[in-house]
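Visitor: Taken in order, these protein sequences are the chains called A and B.
For the record, in the first sequence the residue sitting at position 2 is 2 according to the working numbering, with numbers rising by one throughout.
Just remember that the working numbering sits 1000 ahead of the position in the second sequence, which is counted from 1.
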Amino acid sequence: MLAYIARRIVYVIPIVISVALVCFLLVHITPGDPLVAVLPADASQELAAQLRAAYGFDRPLPVQFGLWLLRALHGDLGNSIATGRPVLAEVMRAVGNTVTLAIAAAVIGFTMGILLGLIAGYFRETWIDKVATSFAIAGVSVPHYWLGMVLVIIFSVQLNWLPAVGAGPNGSNSWAWDWAHLKYLVLPAITTSVIPMGIVTRTVRALTGDILSQDFVEALRAKGLHERGVFRHVIKNAAPTALAVMGLQLGYMLGGSILIETVFSWPGSGFLLNSAIFQRDLPLLQGTILILALFFVFLNLLVDIAQAAIDPRIKRG
Amino acid sequence: MRIKKTTRAALIVALALTTAAAWPRAVSAETVLRIGMTAADIPRTLGQPDQGFEGNRFTGLTMYDALTGWDLSSAEKPSVVIPGLATEWKVDDADKTKWTFKLRPGVTFHDGTPFNADAVVWNVEKVLKQDAPQFDPSQVGVTASRMPTLASAKKIDDMTVELTTKEPDSFLPINLTNLFMASPAKWQHFYDKAEGADAKAKSQAAWTAFAKDAAGTGPWKMASFTPRERLELVKNANYWDKARVPKVDKMVLLPMPEANARTAALLSGQVDWVEAPAPDALPELKQRGFKLYANEQPHVWPWQFSRVEGSPWNDIRVRKAANLCVDREGLKDGLLAGLMVPASGTFEPGHPWRGKPSFEIKYDKAAAQKLMQEAGFGPSKKLTVKIQTSASGSGQMQPLPMNEYLQQALAECYFDVKLDVIEWNTLFTNWRRGAKDPSANGSNATNVTYAAMDPFFALVRFLQSGMAPPVSNNWGFINEPKFDELVKKARQTFDPAARDAALAELHAASVDDAAFLYVAHDVGPRAMSPKVTGVIQPKSWFIDFSPVSIQ
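1. Within the same chain, show all residues whose beta-carbon is closer than 6 Å to that of Thr-1018 of chain B, passing over the 5 residues directly before and after it, in chain order.
2. Grab me the residues of Ala-1223 of chain B's own chain with a C-beta within less than 8 Å of its C-beta, minus the 5 sequence neighbours each way, in chain order.
3. Anything in chain B within Cβ reach of Phe-264 of chain A, meaning under 8 Å, just list it in chain order.
4. For chain A, find out if any of its Cβ atoms is closer than 9 Å to the Cβ of Asn-1425 of chain B; answer yes or no.
5. Would DSSP call Ile-1082 of chain B helix, strand or coil?
6. Do Ala-1294 of chain B and Pro-1525 of chain B have their beta-carbon atoms positioned less than 9 Å apart in this structure?
7. Since Thr-203 of chain A contacts Thr-241 of chain A with CB under 8 Å, what's their CB separation in whole angstroms?
8. Near Lys-1102 of chain B, which residues of its chain fall below 8 Å by C-beta distance, leaving aside the five closest residues on each side in sequence?
9. Check the Cβ-Cβ distances between Pro-1257 of chain B and every residue of chain A, and say whether any is below 9 Å.
10. Taking 9 Å as the CB-CB cut-off, is Met-149 of chain A touching chain B?
11. Do Pro-163 of chain A and Tyr-184 of chain A have their C-beta atoms within less than 9 Å of each other?
12. Measuring CB to CB, does Ile-258 of chain A end up less than 9 Å from Pro-188 of chain A?
13. Less than 9 Å between CB atoms is the rule here; does Lys-1539 of chain B satisfy it with respect to chain A?
14. Look at the Cβ atom of Val-234 of chain A, then the Cβ atom of Ile-211 of chain A, and state whether they are nearer than 9 Å.
15. Pairing CB atoms from the segment 60-76 of chain A with CB atoms from the segment 261-270 of chain A, are three or more of them under 8 Å?
16. Report the start-end ranges of each beta strand (DSSP E) in the segment 1083-1146 of chain B that is 3 residues or longer and not cut off at the edges.
17. When the cut-off is 9 Å and only beta carbons count, does Arg-1025 of chain B lie next to chain A?
18. Does the contact criterion of 3 or more C-beta pairs under 8 Å hold for the segment 1207-1226 of chain B versus the segment 1109-1129 of chain B?
19. Output needed in chain order: residues of the segment 1127-1144 of chain B with a Cβ under 7 Å from some Cβ in chain A.
20. Whose C-beta lies closer than 8 Å to the C-beta of Ile-15 of chain A among residues of the same chain, with five residues either side of it excluded?
21. Which same chain residues end up closer than 7 Å to Ile-1543 of chain B when comparing Cβ atoms and leaving out the 5 residues on each side of it in sequence?
22. Let me know if Arg-1491 of chain B comes out buried or exposed under the rule of 16 or more other beta-carbons within 10 Å of its beta-carbon.
23. Does the beta-carbon of Val-204 of chain A, which I'm using as the reference point, lie nearer than 8 Å to any heavy atom of the ligand SAH?
24. Do Trp-1431 of chain B and Trp-1475 of chain B have their CB atoms nearer than 9 Å?
25. With a cut-off of 9 Å, does the C-beta of Arg-1044 of chain B fall near any C-beta of chain A?
26. For the beta strand (DSSP E) containing Ile-1422 of chain B, name the first residue and the last one.
27. Measure the alpha-carbon distance for Ala-1322 of chain B versus Phe-1053 of chain B and round it to whole angstroms.
28. Per DSSP, Phe-1180 of chain B forms a beta bridge with which residues?
29. Of the choices A:Arg-93, A:Leu-69, A:Arg-52, A:Ala-309, whose alpha-carbon is the least far from that of Gly-171 of chain A?
30. Let me see if you follow: with CB-CB separation under 9 Å, is Arg-1228 of chain B close to chain A or not?
31. Looking at C-alpha atoms only, which residue of B:Thr-1389, B:Glu-1329, B:Arg-1354, B:Gln-1373 is the closest neighbour of Pro-1342 of chain B?
32. With a cut-off of 8 Å on the beta carbons, I'd call Val-194 of chain A and Leu-147 of chain A a contact; round off their distance for me.
33. Among the residues of its own chain, which have a CB less than 7 Å from the CB of Ser-174 of chain A, if the five just before and after it don't count?
34. Let me check one thing: in DSSP terms, what residues is Asp-1157 of chain B bridge-paired to?
35. Sorted by chain position, which residues of the same chain lie with C-beta nearer than 8 Å to Ala-1022 of chain B's C-beta, five sequence neighbours on each side aside?
36. Taking only runs of the alpha helix (DSSP H) that begin and end inside the segment 1480-1510 of chain B, which ones reach a length of at least 4 residues, in chain order?
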């Protein structure tokens, strides 16, 4: 197992460097001036040249990449052009808020998804299956930003039960897991959870149906194993694939949703990316994309290891 | 007697208890005004805000003062420049590049240190003197471009400074509204504590710390700051202008870039005031008793014509025809639900820089068609023009529907309008490159809205031939000797009334020349709870929060 983990970690290194290169290049090939946040269009050429030099944008692209990578390896992602604040602190604070949202959404989405998927798979082709599947299809089909707006109109504007925007009565700095703060989380978490809920439902339904039709299940039943025991076997067999799907979904959620976080003014990584994109804040954009990509890479690593732990056949492959 | 004494004692105790119970409540009855901004982040708090004039509105004019300021006290009169931290100023009679500014006595920064000539010199040097310890490149762009001729500052005595410009420039007092005075002592405190490999790194660290715990001289003091989430300002009870000491105790600024989210926050009572509510929600807001405010802003939504060789806009009849062919009232009442003021120039009647143009910009389709026919066009021979625009962007209002409205309107005057829609930041960058650059993609007009707060931004950068790309924003390469002469005259006229008259002459000449297709002025719509009172929305990008109360 240790050799397997070591091998997977070695695979991660070239991926990380490629991710860094791709995110650097993607950000630099987009049109627009990287100094637009601090340099109005009416600034003189002399001033523009002075600032370009001050921020290092007058250097060749490979030099800029090398310097950026070197600093990044030392944990310094530079400072935001627009705000002057260190990028790493900005990104980590935003990621922390997105993790809070993602965990809440994962709890809702995965619990509902597993439950509905198992029920639908177990009662396949019955009305119960149809109801559960309808939920799943609605979950993946409804535009989540639209759903977010509808929830806000109903629960914030009309009923006044829950706050419409923000991450706590005094911002995310003073976040606590009490109702005064959790009520800010309810609507964005529900909105974020609908897609993973739909995907997990469909995956678990398909897996359950598939496993239940296999010969070993028949054999278990023929041996007289009670239905609860059969069910346990079904869950164990479905778990690796379901786990991989949930891992990917958690990765997406940890990446933050620009649309949901903007609709709810939730100060997470999606909100930060939105701001960085519109301000052409290259260091912030690069740093945010890099950190999110790394999250994805390491989450996949953890999922691989978890799968191998559950299903020993995987590490032999 | 004994009973009486007991009763009296009991009454005194009861009174004392009641008072004691009521006292903390009275003390803690803090009034708080919560505002949803359109910005996605809190504008920079270190003295020179980013995010354009919304930045100045929320983190500039609130926490800081400049040597000169804007009169924001009236919704009817134009907002003009008034004394700020300088009480008076004059240009040197012999050398028109030297100005003397007398400073306001008795002003202190929020950290208690005095405002004086040293502070002014320090603040000028933070953006102009590259070897000054406090020089901060991140503040230079948004400041130096707004006071393009300021060169240096020198202390004469504690309460007098001399400012020098690169060339004679009567606009300096107007430009200085953009240079906010931060506390040098507070910055020095952070600098002394900062860790860094060199002076530059220490300086940057000091500015980062200053932004979190800033000190200016303004009517509001920074209380707490959570980046990208909220800025809390408390009233500066010791503000030097007693008439402008804020009426509410605290103001909370919240970034909410999405219009529907802002509106929902207002409707659900999470905020008391939102900037630019969702237009679709206006009827509901009105119906639920929310107050709506709007007023003409110094903003222009134009088409800026290319005047390079071969451009169809070189014919003044074509330029005038376009200006006469647009039903601006129809645009206002239909598409924009009343949220615009029809533009008949950069400045409207009543403004000191309006002047008396002889060409009246209005809707007169017959006159427009006649002009086009005189220019050789008609129903069977349409004039094709191409306009570069964006799908969104700061100040662009609703660029696509508005341009499509113009496309339809101008079709009736024998124009065939093609739209080249590109991303906002790219359009903005192209603005600086000009009509001759390949980035114009064959367009012969560009649709970038502009702020018209001061003469340089409103007129000079577009009309003076020397401002053609790459120098500034004369995108279309206008080259009219008359404009150049009038710019020079305005810049070198130092009596304020005479300077305003010269600017009015320049503006009138630009309208007579139909230098732009003038379409609309934005009105800066705001919606607020009925609890909010005392709001005066001036004809400005800015607003004074000091007289605002909340019940």
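The C-beta atom is built at its ideal place from N, Cα and C for all residues, glycine as well.
Note that the structure is a prediction, hence the values are computed from the model and not measured.
Guide: Here's the rundown:
1. Its pLDDT being 48, under 50, Thr-1018 of chain B is placed unreliably by the model, and the measurement read from it follows with that caveat. There are no such residues.
2. Glu-1232, Leu-1233, Val-1234, Lys-1250
3. Ala-1261
4. yes
5. strand
6. yes
7. 7 Å
8. Ala-1086, Thr-1087, Glu-1088, Trp-1089, Met-1159, Thr-1160
9. yes
10. yes
11. yes
12. no
13. no
14. yes
15. no
16. 1086-1091, 1098-1103
17. Low confidence applies here, because Arg-1025 of chain B scores a pLDDT of 45, under 50, leaving its location unreliable and the question unanswered by this model.
18. yes
19. Pro-1137, Ser-1138, Val-1140, Gly-1141, Val-1142, Ala-1144
20. Val-297
21. Arg-1057, Leu-1072, Gln-1537
22. buried
23. Of ligands this structure carries none, so the ligand SAH is not represented either.
24. yes
25. yes
26. 1415-1422
27. 30 Å
28. B:Ala-1066
29. A:Arg-93
30. yes
31. B:Glu-1329
32. 6 Å
33. Gly-168
34. B:Thr-1160
35. The predicted model places Ala-1022 of chain B with a pLDDT of 47, which falls under 50 and marks its position as unreliable; any figure quoted below should be read in that light. Excluding positions up to five away in sequence, the list is empty.
36. 1481-1491
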